[in-house]
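Student:
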Amino acid sequence: LQERGALGFERHYHVTDPFIRRLGLEAELQGHSGCVNCLEWNEKGDLLASGSDDQHTIVWDPLHHKKLLSMHTGHTANIFSVKFLPHSGDRILITGAADSKVHVHDLTVKETIHMFGDHTNRVKRIATAPMWPNTFWSAAEDGLIRQYDLRENSKRSEVLIDLTEYCGQLVEAKCLTVNPQDNNYLAVGASGPFVRLYDIRMIHNHRKSMKQSPSAGVHTFCDRQKPLPDGAAQYYVAGHLPVKLPDYNNRLRVLVATYVTFSPDGTELLVNMGGEQVYLFDLTYKQRPYTFLLPKKCHTSGEVQNGKTSTNGVSNGIHLHSNGFRLSEGRAHVSPQVELPPYLERIKQQANEAFACQLWTQAIQLYSKAVQKAPNNAMLYGNRAAAYMKRKWDGDHYDALRDCLKAISLNPCHLKAHFRLARCLFELKYVAEALECLDDFKGKFPEQAHSSACDALDRDINAALFSKSDNAEDKKGGGPIRLRATGRKDSISEDEMVLRERSYDYKFRYCGHCNTTTDIKEANFFGSNAQYIVSGSDDGSFFIWEKETTNLVRVLQGDESIVNCLQPHPSYCFLATSGIDPVVRLWNPRPESETLNGRVVVDMEGASQANQRRMNADPLEVMLLNMGYRITGLTSGGAGGSDDEDSSEGQVQCRPS
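Numbering-wise (the UniProt record's numbering), the sequence shown opens with residue 1 and increments by one.
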């Protein structure tokens, strides 16, 4: 009909729940002779470009499964990134490769028209922006972010950001992306758990003013020119990761951001954290890492416990304190807990039943579903925290800590949330803070002070406090716990330390995949409203989660070895993937008449558990796993039964492991 509103309607509804449930393999595009490391749609969505270890790029007509063009790029090593240059009529293609080169190609004549050799290590990602015609950026393992200008009078590149000035010579830039709604903002992923957001315009203005300043070339001994102006950089990090670095380094487990991307509306940043999980950061409603957020003191222990209602209470606020969980005084009104509507009560009961059967992930997903509908119910957060603590996947104790703090903020006298908070702090190696929190728990709930759960946690804490382990010695050093030195020889500057200390925490975490083998593994938003999150995995599958609940909804086998790339079509429910296999696979909703989908991984829970084992295995175990040997699973344990309306108020019911 060619109606004016047709495209908007199409893009708004192009990814829906029924389509996700019917997603299956449509076609395989054959033409490469090596791993396909990168994919890129053009703006219209009628062309798909791919780059490979075979040093060729191919442009496809994906809607008709045709190869339109294949050319050797001139690179002498694996291609890692391919991008269409905006406003070029899909004529100009840019590639970056392991030969440290960036090449610019004219597809109409199948020629490489410019080659940049400024990087000194592998080029991992290229980024473009519609607002910056003739301009693009690259991230490479020499730690540099370079900006390129293709205008005829100045074909050149310059260093936009030098990470080595902040993190030492060992830092490697791995990925970058430009905000689609405000092209002045550039996100960068590199080695380590921190993701960096830069204001390009502020950096350029700073450098212009430095050049124009008459004293720009005159410096005293104490004078130091900052490479970036104040306010030009903002860091983001999953709050538990910095303090986990020593443990990960001891186990040769590398943390590195392998992919970053913005949501379509530019308000969220998605990161695939190599060696860990997928994280979503809210750029509008920012939050500090929860490890130092402290619940204000409860007025009495008898009025509200385990999510039950009270009309007289205290402050539900939380505030920052750099020295641990010191509780502040203050009285305020606690809003009464509203009873759950019947359909949510049923979901909660189902979650409790799953918990009783030790189906931790199922319980977490059900609680998460209920939390989305009732975000102010303290009991749901408390119950989900218990399930996280039992499951014990990477990051679960930190998510449990966040849930405990949320439960306490909604209901400051939530007995079980207070106790679980102390246990979480202990498990996260914040031993002194755990002791403070446990002492406060005993003061608030004296009838629980000598329970077996309290006594056991007290013994664990005191044993850890008197331990002579290296980890305990590390804790005694100066400075914030989150930013302790990791033992590496990286030279971390003072500016970098300040930026790390000002980092913001994540909003959502997505679990199930495994990202340890390759450093180009992507995670993307799927749907114009970013309703879903998709990620590749080392087990040859790709995973699809609901964004808001973080629940895993679909797993599909996308490669014989590893899925690295997932690029959603701009306006259809159409997904292109690639990995180790020398093919590009196209996925869309299959006809309802098709009853058999051989690519579906039915046991999503089993696949997720296997991936958690894989991420925590040493290299020998991974090799055995790949050879088909079965590795014993993660141990279960931790704190806590779930709460229910009928549970006894006088019992902690959180038997620690």
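We treat Cβ as the ideally placed atom computed from N, Cα and C, and that holds for glycine.
Would you check if the distance between the CB atom of residue 141 and the CB atom of residue 82 is smaller than 8 Å?
Tutor: Taking 8 Å as the Cβ cut-off, residue 141 and residue 82 do not qualify as a contacting pair.
Student: Counting only runs that start and end within the region 224-301, where is the beta strand (DSSP E) found for 3 or more residues in a row?
Tutor: As far as the region 224-301 is concerned, its whole beta strand (DSSP E) runs of at least 3 residues are 233-236, 256-262, 268-274, 278-282 and 293-295.
Student: Can you find the residues in the same chain that come closer than 8 Å, C-beta to C-beta, to residue 575, ignoring five residues on each side of it along the sequence?
Tutor: Cβ within range, chain order: 23, 526, 534, 566, 567, 568, 569, 586, 587 and 588.
Student: Pull up the distance between the alpha-carbon of residue 259 and that of residue 189, whole angstroms please.
Tutor: Those two C-alpha atoms are separated by around 7 Å.
Student: Does the beta carbon of residue 419 sit closer than 8 Å to a beta carbon anywhere in chain B?
Tutor: Although the question refers to chain B, the structure presented lacks it and comprises just one protein chain.
Student: What does DSSP give as the partner residue(s) for residue 404 in the beta ladder?
Tutor: Per DSSP, none; premise fails for residue 404.
Student: Considering just the uninterrupted stretch of the beta strand (DSSP E) at residue 699, what are its terminal residues?
Tutor: Within the shown structure, residues of the chain are numbered from 1 to 657, placing residue 699 beyond reach of any answer.
Student: Start and end of the alpha helix (DSSP H) containing residue 361?
Tutor: Taken as a continuous stretch (DSSP letters only), the alpha helix (DSSP H) holding residue 361 covers 360-373.
Student: Excluding the 5 residues flanking residue 461 on each side, which residues of the same chain have their C-beta closer than 7 Å to its C-beta?
Tutor: Around residue 461: 426, 431, 434, 435 and 438.
Student: Is the region 493-508 touching the region 266-286 in the sense that three or more CB pairs, one from each, lie closer than 8 Å?
Tutor: These segments touch.
Student: Closest to residue 664 by CA distance: which of 606, 400 and 428 is it?
Tutor: With the chain covering only 1 through 657, there is no way to say anything about residue 664.
Student: Can you tell me whether DSSP reads residue 5 as helix, strand or coil?
Tutor: Residue 5: coil per DSSP, three-state reduction.
Student: Should residue 125 be labelled buried (16 or more other beta-carbon atoms within 10 Å of its own) or exposed?
Tutor: Burial call: buried.
Student: Tell me which same chain residues have a C-beta within less than 6 Å of the C-beta of residue 158, skipping the five on either side of it?
Tutor: Only 147 meet the Cβ criterion.
Student: For residue 67, write down the residues that DSSP places opposite it in a beta bridge.
Tutor: Looking at the DSSP assignment, residue 67 forms a beta bridge with 60.
Student: Under 8 Å, do residue 394 and residue 277 count as touching if we go by C-beta distance?
Tutor: Yes, the pair counts as a contact, with Cβ atoms nearer than the cut-off.
Student: Looking only at its own chain, which residues have a Cβ that is under 8 Å from the Cβ of residue 235, when we skip the five neighbours before and after it?
Tutor: Result list for residue 235: 194, 195, 196, 197, 499, 500, 502, 503 and 504, in chain order.
Student: From residue 658 to residue 92, what distance separates their C-alpha atoms?
Tutor: In the structure displayed, the chain extends from 1 to 657; residue 658 sits before or after that span and is not available.
Student: List the endpoints of the continuous beta strand (DSSP E) containing residue 199.
Tutor: Segment 195-199, the beta strand (DSSP E) holding residue 199.
Student: What did DSSP end up calling residue 508 once you bin it into helix, strand or coil?
Tutor: Reduced to three states, the DSSP call for residue 508 is strand.
Student: Would you kindly work out how many angstroms separate the C-alpha atoms of residue 275 and residue 495, rounded to a whole number?
Tutor: About 26 Å.
Student: Looking at the unbroken beta strand (DSSP E) that takes in residue 18, where does it start and where does it end?
Tutor: Where residue 18 is concerned, there is no enclosing beta strand (DSSP E), although the alpha helix (DSSP H) it sits in stretches over 17-21.
Student: Looking at residue 454 and residue 611, is the spacing between their C-beta atoms short of 8 Å?
Tutor: For residue 611 and residue 454, no; Cβs fall outside 8 Å.
Student: Tell me whether residue 634 sits in a helix, a strand or coil according to DSSP, three-state version.
Tutor: Any reading at residue 634 must be qualified, since the residue scores a pLDDT of 36, below 50, and its modelled position is unreliable; no value is offered.
Student: Residue 174 and residue 257: beta carbons closer than 8 Å?
Tutor: In this structure, residue 257 lies closer than 8 Å to residue 174 by Cβ.
Student: Give the C-beta separation of residue 580 and residue 561 to the nearest angstrom, bearing in mind that I take them to be a contact with Cβ-Cβ under 8 Å.
Tutor: About 4 Å separates the two Cβ atoms, so the contact holds.
Student: Identify which residue in 101, 558 and 240 has its Cα closest to the Cα of residue 539.
Tutor: That would be 558, whose Cα lies nearest to the Cα of residue 539.
Student: My guess is that residue 715 and residue 358 are in contact by the Cβ rule of under 8 Å, so how many angstroms apart are they, rounded?
Tutor: In the structure as shown, the chain starts at 1 and stops at 657, and residue 715 therefore has no counterpart that could be examined.
Student: Could you tell me the alpha carbon to alpha carbon distance between residue 144 and residue 90, rounded to whole angstroms?
Tutor: Taking the straight line from one Cα to the other gives about 27 Å.
Student: Below 8 Å on the Cβ atoms is my guess for residue 162 versus residue 229; work out the distance and round it to an integer in Å.
Tutor: Not a contact, Cβ separation roughly 14 Å.
Student: May I ask you to report which of helix, strand or coil DSSP gives residue 448?
Tutor: The answer is helix: DSSP assigns residue 448 an H, G or I state.
Student: Taking the beta carbon of residue 272 as the centre, do at least 16 other beta carbons fall within 10 Å, making it buried, or is it exposed?
Tutor: Flag for residue 272 reads buried.
Student: Start and end of the alpha helix (DSSP H) containing residue 415?
Tutor: From DSSP, the alpha helix (DSSP H) with residue 415 extends over 415-427.
Student: Would you tell me roughly how many angstroms separate the C-alpha atoms of residue 468 and residue 356, rounded to the nearest one?
Tutor: Per-residue confidence for residue 468 stands at a pLDDT of 44, beneath the threshold of 50, marking its modelled position as unreliable; no derived number is given.
Student: If I measure Cβ to Cβ from residue 57 and keep anything under 8 Å in the same chain, skipping five residues before and after, which residues do I get?
Tutor: Here the set comprises 49, 50, 51, 70, 71, 73, 79, 82, 93, 95 and 105.
Student: Report the three-state DSSP secondary structure of residue 562 (helix, strand or coil).
Tutor: Coil.
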